[in-house]
Structures are given as C-alpha cells and as structure tokens.
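Engineer: There's a structure below that I have some questions on.
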Amino acid sequence: MFRKSILLSLLLLTSSVCAFNKVITIAGTADLQGMMESSTQKFDLDGDGKKEKVAMGGIARITTVFKGLKKENPNTVFVSTGDDLMNKFFHTYKGKAIFTLLSDAGYELYAFGNHEFDKGSKVLSEALDGVEFTSICSDLDVENSALKGKCRSYVIKEMDGVKVGFFSLMTEDLPLVTSERDVKIVSDNVFTSKMMVKLLKKQHVNVIVALSHIGYKQDRILAKQVKGIDLIFGGHSHEYVKKIGRVNKTAIVNGGQQGTQIIKVDIPLDKELNVLHKEIAMYKIPVTDTLTPNKTIVAKVETYTESFPAAIVLGKTKVPWDLTSGELRKNESAVADMVNDLMRKKFKVEIVLNNAGAFRGGKVYPEGNITDIMLKEIDEFGNYAYMLKLKGKYIRQILERSASQYDEGGLMQVSGLKYRITLPKQLQQIKNRKIVRTGKRVDNIEVYIDGKWLPLDNKRTYSVLSNSFIVNHEGDGYFWFKKYGTDMKNTFTTFYSIMAEYIDNNKGLTPHKKDGRLEIIH
266 MFRKSILLSL LLLTSSVCAF NKVITIAGTA DLQGMMESST QKFDLDGDGK
316 KEKVAMGGIA RITTVFKGLK KENPNTVFVS TGDDLMNKFF HTYKGKAIFT
366 LLSDAGYELY AFGNHEFDKG SKVLSEALDG VEFTSICSDL DVENSALKGK
416 CRSYVIKEMD GVKVGFFSLM TEDLPLVTSE RDVKIVSDNV FTSKMMVKLL
466 KKQHVNVIVA LSHIGYKQDR ILAKQVKGID LIFGGHSHEY VKKIGRVNKT
516 AIVNGGQQGT QIIKVDIPLD KELNVLHKEI AMYKIPVTDT LTPNKTIVAK
566 VETYTESFPA AIVLGKTKVP WDLTSGELRK NESAVADMVN DLMRKKFKVE
616 IVLNNAGAFR GGKVYPEGNI TDIMLKEIDE FGNYAYMLKL KGKYIRQILE
666 RSASQYDEGG LMQVSGLKYR ITLPKQLQQI KNRKIVRTGK RVDNIEVYID
716 GKWLPLDNKR TYSVLSNSFI VNHEGDGYFW FKKYGTDMKN TFTTFYSIMA
766 EYIDNNKGLT PHKKDGRLEI IH
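Numbering (our numbering), first residue to last: 266 to 787.
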C-alpha cells in the first residue's frame, strides 16, 4: 500500500508541474543533525494512524530523491536551512564529511543554523572549502571572522526565464545558543526581511524565498509583518507541518529533522510570470527503505564510518560522574549541579530547575574520557532547554512539588537557587492541575541575585530555565510552567549539545564538590 501511495504522490507531482505555465520547485531539509546514515524511526507508513518501526533518512536515499525530483522538473533548487553539523560525523570530521556529502547529494543553497557554529567560525569555514553549494548569510556580520568571503547576502537563480531570489534568516538567539563571538547578527529578522525583499525586487526577481532558521512559530509571525515573501522554507523547530502554512500571500513550510522526509514545494507562475500564491503546494516525501540508496553516496559514507572509533572521545573529566538514581533522586547531585550551572551561565537566566529524571545513564562513569556515547546516555531523551519567566510564589509551589517527589524522577536539581526539604513535614498534593493540599516541607529558599544570596520573593518575576519534558509536557505533575509561565521560549538546544560544546571549547568537563544547594532532612 505504501509503495502505491508513493507512486500516486509522484503522479500528483507530475500533474502539478504540467498544469501551469511554469513551476519552480524548492525542495530540501532542515536540521539533519549530522544523521548521514539511516536510523530506525516510528512512522505511519500507510496513513492509517498506526506507526511502525522503519529505517528512515540517510544522505544516500536523500540523493536518490533529489535526482528523481531534478529529472521530474529541471527547475528545482535543493536547499538546507541548517543545523546539519552535529553528532559523530561532526565530532570526528569537523563538518568536512557532512558538507562534502551534502554537496555530492546535490544541495545547492545553504542557510546556516546555530549548530553550524558549535565549533566556531574557523571550523565552519574550513568545512565549506571545496563544496559546490552556495552559503547565504543575509543577517550575519562575518567580516571579522574566518567566514569572510565564504557566504553571500543573497542569491538569485534564473531558471527557464524565471528569476528566484533567496535570502537567509538566523535565529536571534544565536548569542545565547552558541559560544560563537566573531560572527554577529546585524539586524532583527523583520528588518532583514524587509531590506532583502526591497533589494531583490529592485533586481526584478519573480519569486522571493526566505531560507529561515528561526522556527515555524516565528516564521508565521514574520509573515504577518513582512510583505513580499512568496515562500518561507524554515528550520530550527523540527516540525513536519501537516499542511502548508499560509499568512497573507506567504506560504510557509518547515524542513523537519534528521532527513526522514523531503519537503517539496511547487511554486506555479502564470504567463506573465506572476506567482499564483493560492496554488503553491507542499508535498512530504518519506525517505524510507523502500527507496534505493545512491551507490556512490553509500560508498562515500562507508569510507567515513570505517574510521569511526567505537566511541568518540570529546574530552576529559578529572573525577567520576555519578548518575545513579540514588544519587540523583535522593540527594543534591554534583553532575546535575555542573550541567545546571552551565545552562544558567550560557542562557543568562537566574534560576535553573531540572528534574532528576532528566539526567539518565544510571551508573557511575569513571574519571578519564568523556565520550559521545556517554553524553547520549545521560541525555537519553534529547531534552531541549526552555526559557521562561515565573513569579516567586509559583517557584515556591514548584519546590514543594519537588519535595513530594523525593526518591523519584521529579525531585528538582537546581542552579542559582538553594532550598531545604524536611521530609517528615506535610506533603503537597495536586489534582487536575491544582493544589489540593499545601506542602510545608520546603524552607530556606534563596536565590543568587547580583552576587548575593537573597530570600525568594513571592512577588518578583524570575528568569527560569527548565526542560521540554517539564515545561511543554507538564512532566512529573509540574503544571506551573505552562500554566503560569510567560515569555516562554524553546531554545531547541539539547543537554547533549550544551555539554558537548563546553567540552569542545575547554577540553573537558569536571563536576565540582557539592555546595549544599539542596539540603534534605530526614
């Protein structure tokens, strides 16, 4: 049935190309996350709502799709909207392998994501040497970096008499989510877009495409404020949207993640080469094992993987990392302290609250090598860091919830805050996102503000960081974040990448002695 649906999709694609005067196709991916090989994913193969495990993605099968689409419509441009330089291919080959494979696969235009800067602009610049795709950096100042001369502010491609203008957008959180300092954002997304639209229209382009790495929600907000963009091909938020987004005359799609589906957008034009906005169509092409992988790319991937060590050493630790459940769920954890402190400093928040269950591994890792496998085991769920604002009174209630979760995954490990739990005292109880019995276990709550430890102020609003399980899914019963939090922002940065970036820059990461930020009285 799935093979039939693929055939039907291809027939529909063919008919869409033939039905109009001219059709320009934009196809590609976002957030490959270094996944050059296929991986097992749960996917609804037959469209009946039932998901089953299937091998998906992989640059060799992406190449097969690209070649088929180019044959279908020569007026096709293949794009990436960034966050491809990650994981073992990146750690081992510093981006060179990934970009070489993307270039060989047929990618033509590249908009950087924040993770391209995880090892700095020098590594990124070297990875770009010899590639055939063109990089775009419309809103980045690269003059004082190794990227100078390696990317363009915009690109115009002419196909069959149709001029298509492309520009790029970077998340405005770049200074927060990466340690890159030589490359800076020169203007906000709205200003950049307005300037690019104006500039491209002066060049008499027929179609304007924004290659965006700001997230689907922000793409929609942008489209409301900027006229003249025909298509926003987005990334950063890892969303395979169910249907094409439309705001005014702007169509919006997102490239998803890990290359499990190719996003194809057909942009039809009339005889006067005006875009027929209502007819812009999106197709999602699953990259599954029903597709024959390109043999040339398979061979190139194998030349890289043959050199992989069993585990990639990222750096060193001078002391063991204790990730046992007893350490995390009954005590202050030195490892959680270390990671939470990294997050607080990186994202410049006042308080970090992460549940003990967010830290996995379940064993003591010895002193010595820190490997990629070790970090993946610790960040088993790939949790994203979330930023938000919360009043002190809700933080107090959250800590009472933490006290009720002693010896469970919901016990809060913290940074920028210290508190005491007295277990014999009254336990907080909640029901239907409400407190039905007030907890009295927590006291001595202090927050580190401007170099001083101060009592938690119920009326004050604090900047807080937690994780996607707690904030977005109300995990372990923590409803306060979603219910009362304001200015909520997903950084789309995982615990793994935060640790890996620090280790890469500092050659190691070692937990310090516990400082008493969590005291438990039995």
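Backbone N, C-alpha and C fix where the C-beta goes; we use that ideal spot for every residue, glycine too. Owing to the predicted nature of the structure, the values given are computational and were not obtained by experimental measurement.
Given a cut-off of 8 Å, decide if GLY500 and SER477 are closer than it, judged by their beta-carbon atoms.
Structural biologist: Within the sequence shown, residue 477 is the residue found at index 212, counting from 1. Within the sequence shown, residue 500 is the residue found at index 235, counting from 1. Their beta carbons are under 8 Å apart, which means SER477 touches GLY500 by this criterion.
Engineer: Check whether the Cβ atoms of MET435 and ASN340 lie closer than 8 Å to each other.
Structural biologist: In the sequence shown, counting from the first residue as 1, residue 435 sits at position 170. In the sequence shown, counting from the first residue as 1, residue 340 sits at position 75. Going by C-beta atoms, MET435 is not nearer than 8 Å to ASN340.
Engineer: Would you identify the three-state DSSP class for ILE638, choosing helix, strand or coil?
Structural biologist: Here residue 638 is taken as the residue at index 373 of the sequence shown, counted from 1. Three-state DSSP puts ILE638 in a helix.
Engineer: Counting only runs of 4+ residues fully inside the region 374-399, write out the alpha helix (DSSP H) ranges in chain order.
Structural biologist: Those alpha helix (DSSP H) runs which fall completely within the region 374-399 and span 4+ residues are 386-393.
Engineer: Return the chain-ordered list of same chain residues with a C-beta closer than 8 Å to the C-beta of VAL629, the five sequence neighbours on each side being excluded.
Structural biologist: Start at 1 with the first residue of the sequence shown, and residue 629 comes out as number 364. If we look at VAL629 and ignore the five residues flanking it on each side, its Cβ neighbours are PRO585, TRP586, ASP587, LEU588, THR589.
Engineer: How many Å lie between SER598 and ILE710 at the Cα?
Structural biologist: Counted from its first residue, the sequence shown places residue 598 at position 333. Counted from its first residue, the sequence shown places residue 710 at position 445. Roughly 18 Å separates the two Cα atoms.
Engineer: Alpha carbon to alpha carbon, what distance is there between VAL506 and LEU374?
Structural biologist: Walking along the sequence shown from the start, residue 374 turns up at place 109. Walking along the sequence shown from the start, residue 506 turns up at place 241. In a straight line, the C-alpha of LEU374 is about 22 Å away from that of VAL506.
Engineer: Do VAL462 and ILE532 have their C-beta atoms closer together than 8 Å?
Structural biologist: Here the question's residue 462 lines up with position 197 in the sequence shown. Here the question's residue 532 lines up with position 267 in the sequence shown. No, Cβ-Cβ distance for VAL462 and ILE532 is not below 8 Å.
Engineer: Just verifying my parser: in three-state terms, what is the DSSP assignment at ARG725?
Structural biologist: Start at 1 with the first residue of the sequence shown, and residue 725 comes out as number 460. DSSP places ARG725 in the coil class of the three-state scheme, outside both helix and strand.
Engineer: With DSSP as the reference, label ASP780 as helix, strand or coil.
Structural biologist: Numbered from its first residue, the sequence shown carries residue 780 at position 515. Reduced to three states, the DSSP call for ASP780 is coil.
Engineer: Hey, would you say ALA650 sits closer than 8 Å to ARG706, going by beta carbons?
Structural biologist: Taking the first residue of the sequence shown as 1, we reach residue 650 at position 385. Taking the first residue of the sequence shown as 1, we reach residue 706 at position 441. The answer is no: Cβ separation not under 8 Å.
Engineer: Between THR294, SER303, SER444, LYS717, which has its C-alpha nearest ASP554's C-alpha?
Structural biologist: Taking the sequence shown and counting its residues from 1, one reaches residue 554 at position 289. When only C-alpha atoms are compared, the closest one is SER303.
Engineer: Based on DSSP bridge pairs, tell me the residues matched to LEU412.
Structural biologist: By 1-based counting over the sequence shown, the position of residue 412 is 147. Paired residue(s): none; LEU412 is not in a bridge.
Engineer: Can you tell me whether LYS536 is buried or exposed, with buried defined as 16 or more other CB within 10 angstroms of its CB?
Structural biologist: For the purposes of this step, residue 536 is identified with residue 271 of the sequence shown, where counting begins at 1. Per the 10 Å Cβ criterion, exposed.
Engineer: Tell me which same chain residues have a C-beta within less than 8 Å of the C-beta of ASP708, skipping the five on either side of it?
Structural biologist: Translated into the one-based positions of the sequence shown, residue 708 becomes position 443. Hits under 8 Å: TYR684, ARG685, THR687.
Engineer: Report the start-end ranges of each beta strand (DSSP E) in the region 474-521 that is 3 residues or longer and not cut off at the edges.
Structural biologist: 496-499, 510-512, 515-519
Engineer: Residues in its own chain within less than 7 Å of VAL484 by CB, not counting five upstream and five downstream?
Structural biologist: Your numbering for residue 484 matches position 219 in the sequence shown. Contrary to the premise, residue 484 reads as Asp rather than Val in this sequence. These residues qualify, in order along the chain: SER477, ILE497, GLY499, ILE517.
Engineer: Would you report the Cα separation of ILE577 and VAL407, rounded to the nearest angstrom?
Structural biologist: In the sequence shown, counting from the first residue as 1, residue 577 sits at position 312. In the sequence shown, counting from the first residue as 1, residue 407 sits at position 142. Separation of ILE577 and VAL407 (C-alpha to C-alpha, rounded to the nearest whole angstrom) is 31 Å.
Engineer: Of the residues THR568, ILE660, THR582, which one's Cα is nearest the Cα of GLU712?
Structural biologist: Translated into the one-based positions of the sequence shown, residue 712 becomes position 447. The question names Glu, yet the displayed sequence has Val at residue 712. The shortest C-alpha separation from VAL712 is found at ILE660.
Engineer: Cβ of ASN723 within 8 Å of Cβ of LYS654?
Structural biologist: Translated into positions along the sequence shown, residue 723 becomes position 458. Translated into positions along the sequence shown, residue 654 becomes position 389. Contact flag unset, no.
Engineer: Spell out the partners DSSP gives GLY580 in its beta bridges.
Structural biologist: Here residue 580 refers to the residue found at position 315 when the sequence shown is read from its first residue. ILE635.
Engineer: Quick check on this structure: which residue in GLY591, LYS336, LEU618 has the alpha carbon closest to the alpha carbon of VAL604?
Structural biologist: Taking the sequence shown and counting its residues from 1, the one referred to as residue 604 is at position 339. The candidate whose alpha carbon is nearest that of VAL604 is LEU618.
Engineer: Which residues in the same chain have their Cβ closer than 7 Å to the Cβ of PHE744, if we skip the five residues on either side of it in sequence?
Structural biologist: In the sequence shown, counting from the first residue as 1, residue 744 sits at position 479. These residues qualify, in order along the chain: ARG698.
Engineer: Counting pairs of Cβ atoms below 8 Å between the region 369-387 and the region 395-414, do you hit three or more?
Structural biologist: yes
Engineer: Could you tell me which whole alpha helix (DSSP H) segments of length 4 or greater appear in the region 693-740?
Structural biologist: 733-736
Engineer: Any idea what DSSP makes of GLY314, helix, strand or coil?
Structural biologist: Indexing the sequence shown from 1 puts residue 314 at position 49. In the structure shown, GLY314 adopts coil according to DSSP, grouped into three states.
Engineer: If distances are taken between C-alpha atoms only, which option among GLY371, LYS583, GLY674 comes closest to VAL330?
Structural biologist: Within the sequence shown, residue 330 is the residue found at index 65, counting from 1. The option with the nearest alpha carbon to VAL330 is GLY371.
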